[in-house]
Each structure stands twice: as C-alpha cells, then as structure tokens.
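J.:
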Amino acid sequence: MAHMTTTTRAYRIDVEFFSGGDLFASDTISFHIEDGADVWIAAYLAAEASTYFNLRIPDLSYSFSFVPSFPDDPAPTSPAGGLKPVCRDCGCDMLARDASARWDVQRQAWAISDVYDCTFCDLCNAESDDLARWVPENDLTPFDRFAAALADALSSPELAFDSMFHLFCVDHALAHTVEDARTEWIEAVTQRSSANGVDRLHGREGDHA
Numbered sequence: 001m002a003h004m005t006t007t008t009r010a011y012r013i014d015v016e017f018f019s020g021g022d023l024f025a026s027d028t029i030s031f032h033i034e035d036g037a038d039v040w041i042a043a044y045l046a047a048e049a050s051t052y053f054n055l056r057i058p059d060l061s062y063s064f065s066f067v068p069s070f071p072d073d074p075a076p077t078s079p080a081g082g083l084k085p086v087c088r089d090c091g092c093d094m095l096a097r098d099a100s101a102r103w104d105v106q107r108q109a110w111a112i113s114d115v116y117d118c119t120f121c122d123l124c125n126a127e128s129d130d131l132a133r134w135v136p137e138n139d140l141t142p143f144d145r146f147a148a149a150l151a152d153a154l155s156s157p158e159l160a161f162d163s164m165f166h167l168f169c170v171d172h173a174l175a176h177t178v179e180d181a182r183t184e185w186i187e188a189v190t191q192r193s194s195a196n197g198v199d200r201l202h203g204r205e206g207d208h209a
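Quick note: the sequence shown uses the working numbering, first residue 1, plus one each step.
1. Across which residues does DSSP place Trp-134 in a beta bridge pair?
2. Quick check on the DSSP output: the beta strand (DSSP E) that includes Asp-27 runs from which residue to which?
3. In angstroms, rounded to a whole number, what distance separates the CA positions of Val-115 and Glu-158?
4. Do you know how far the Cα of His-176 is from the Cα of Pro-68?
5. Distance, Cα to Cα, Arg-182 vs Asp-117?
6. Mapping DSSP to helix, strand and coil, what is Arg-192?
7. Is the stretch 144-158 close to the stretch 126-134, with three or more CB pairs under 8 angstroms?
8. Once DSSP output is grouped into helix, strand and coil, what is the label at Val-105?
9. State the start and end residues of the unbroken alpha helix (DSSP H) segment that holds Arg-12.
10. If we call anything under 8 angstroms between Cβ atoms a contact, is Tyr-52 one with Phe-17?
11. What separation, rounded to the nearest whole angstrom, lies between the Cα atoms of Tyr-62 and Met-164?
12. Do Gly-82 and Glu-137 have their C-beta atoms within less than 8 angstroms of each other?
13. Hey, Phe-143 and Leu-123: beta-carbon distance below 8 angstroms or not?
14. Please report the distance separating the alpha-carbon of Trp-103 from that of Pro-58.
15. State the DSSP-derived secondary structure class of Ser-50, mapped to helix, strand or coil.
16. If I'm right that Asp-27 touches Val-15 with Cβ under 8 angstroms, what's the distance once you round it to whole angstroms?
17. Report the CB separation of Val-86 from Arg-145 in whole angstroms; it is logged as a contact under 8 angstroms.
18. Once the 5 residues before and after Met-1 are set aside, which same chain residues still bring their CB inside 6 angstroms of it?
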C-alpha cells in the first residue's frame, strides 16, 4: 500500500502587541503548516496563541511580520483585506463566543475580561472549542449563496436587506432547496397579506360602528 507523504513548511513571525496604541510586548513565534494551507491564517492563529494576547489588556491590538528563513526569501503575499471565522460544519459566519465583563472604575464602563474558548454557530447550532476556521473576509458563505439564490428566484434582490427575509433564510438554509424555500416564502407572504387585509377591514368596521 502506498503511503501519502505530507510536506510541511516552517515559518517565523515577529509580533508586536499594543495596548491603546502603545507597544508593551514583542514575541517571535515559529509554526509549521502543511503545503497548500493558508499561511496567513496560520500566522494569525499563532499570534493569538501567544501569552501576550490577553483580552484583559485594554484596547489590545497586534501586528506581525514574517522573518525570512534566508535573507533573500520573499515574505508570503498578503491577502486582500482581513479574515473572518466560519463554522467548520456548515460554513456560516454567524459565530458567537461567550465572554465575561468586569466594571472598569477608571473608564466607567464594562470591559471584557475573558472570552471563552467555546464557539457556537447560530445557524446549525454546532458548538466546539475548535469550531471556527478562518477564511478571507470577502468569501461568500453557503448561507450567503442560499439567500442570494432565493432572492434571485423571487426576482426580488432588495430582499437581501430585509430582516424578516434574513430570519426566514436562517430557518430554511440547511434543510430546504431554493425552490422549496421560494414556495414557502410566497405562501407566507400571501398569508400575511390576507391577515393584514382582514385586520384593516375590521378596523374600518369598527370606525363605522
């Protein structure tokens, strides 16, 4: 039986950590990734695994640069824009993490002191400490594609900005085809229109009573 060989590459980054824009720590971090994996996502994860990345620190931010293995090695190409976490199971970007907050007397405001490891997906209800995977911020999620396809099937692109339509898609994206969801949406809108008509009729009758 042939054995698959996995090739990995080693990288190092210099990371600077800031509080309110003031540098308070620096760190050099090494990590390995498999060929084909996104080095920038791995670098962000490595930076946030540092002991200096502590969300109790006010206005925490950081920046990093790659340390070349050899002086003439180019740095990896930077992705256009930032990153966002999506659900490992369904691809949705509607993720949440619980946190605790404590009152900051000096700032007179609640300040986040801890963000818990567990991540929760609002769409598929998955829950795990390693649920999130990182993708470029402009990537369309399966939910985005479903909502866009449904709005297109209804010939109503403006529905993309409708909060009721968004909630409808949350309820239907995982278990319905676009065509089935289209039928249910039309039925729901028809029922609402009929109910509103009856309410208006009763209102007019009340006015004449």
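Heads up, the beta-carbon is just placed ideally off N, CA and C, and yes, glycines get one too.
T.: From the atom records:
1. Position 134 of the sequence shown holds residue 134. Trp-134 pairs with Pro-85.
2. Position 27 of the sequence shown, counted from the start, is the residue given in the question as residue 27. Start and end: 22-34.
3. Within the sequence shown, residue 115 is the residue found at index 115, counting from 1. Within the sequence shown, residue 158 is the residue found at index 158, counting from 1. Distance between the alpha carbons of Val-115 and Glu-158 is about 36 angstroms.
4. In the sequence shown, the residue the question calls residue 68 occupies position 68. In the sequence shown, the residue the question calls residue 176 occupies position 176. The alpha-carbon atoms of Pro-68 and His-176 are separated by roughly 49 angstroms.
5. What you label residue 182 is simply residue 182 of the sequence shown in a count that begins at 1. What you label residue 117 is simply residue 117 of the sequence shown in a count that begins at 1. About 38 angstroms.
6. Along the sequence shown, one-based indexing puts residue 192 at 192. The answer is helix: DSSP assigns Arg-192 an H, G or I state.
7. no
8. Within the sequence shown, residue 105 is the residue found at index 105, counting from 1. Coil at Val-105, not helix or strand.
9. Position 12 of the sequence shown holds residue 12. It is not in any alpha helix (DSSP H) - Arg-12 instead sits in the beta strand (DSSP E) that spans 8-19.
10. Position 52 of the sequence shown, counted from the start, is the residue given in the question as residue 52. Position 17 of the sequence shown, counted from the start, is the residue given in the question as residue 17. The answer is yes: Cβ separation under 8 angstroms.
11. Translated into the one-based positions of the sequence shown, residue 62 becomes position 62. Translated into the one-based positions of the sequence shown, residue 164 becomes position 164. Rounded to the nearest angstrom, the two C-alpha atoms are 38 angstroms apart.
12. By one-based count along the sequence shown, residue 82 stands at place 82. By one-based count along the sequence shown, residue 137 stands at place 137. Their beta carbons are under 8 angstroms apart, which means Gly-82 touches Glu-137 by this criterion.
13. For this step, residue 143 is matched to residue 143 along the sequence shown. For this step, residue 123 is matched to residue 123 along the sequence shown. Yes, the pair counts as a contact, with Cβ atoms nearer than the cut-off.
14. Position 103 of the sequence shown holds residue 103. Position 58 of the sequence shown holds residue 58. Taking the straight line joining both Cα atoms gives about 13 angstroms.
15. What you label residue 50 is simply residue 50 of the sequence shown in a count that begins at 1. Three-state result, Ser-50: coil.
16. The sequence position of residue 27 within the sequence shown is 27, counting from 1. The sequence position of residue 15 within the sequence shown is 15, counting from 1. Between Val-15 and Asp-27 the Cβ distance is about 5 angstroms, and since that is below 8 angstroms, they are a contact.
17. For the purposes of this step, residue 86 is taken as the residue at position 86 of the sequence shown. For the purposes of this step, residue 145 is taken as the residue at position 145 of the sequence shown. About 13 angstroms separates the two Cβ atoms, so there is no contact after all.
18. The residue you call residue 1 lines up with position 1 of the sequence shown. Confidence at Met-1 is low in this model, with a pLDDT of 49, below 50, so its placement is unreliable and the value that follows should be read with caution. Cβ within range, chain order: n/a, list empty.
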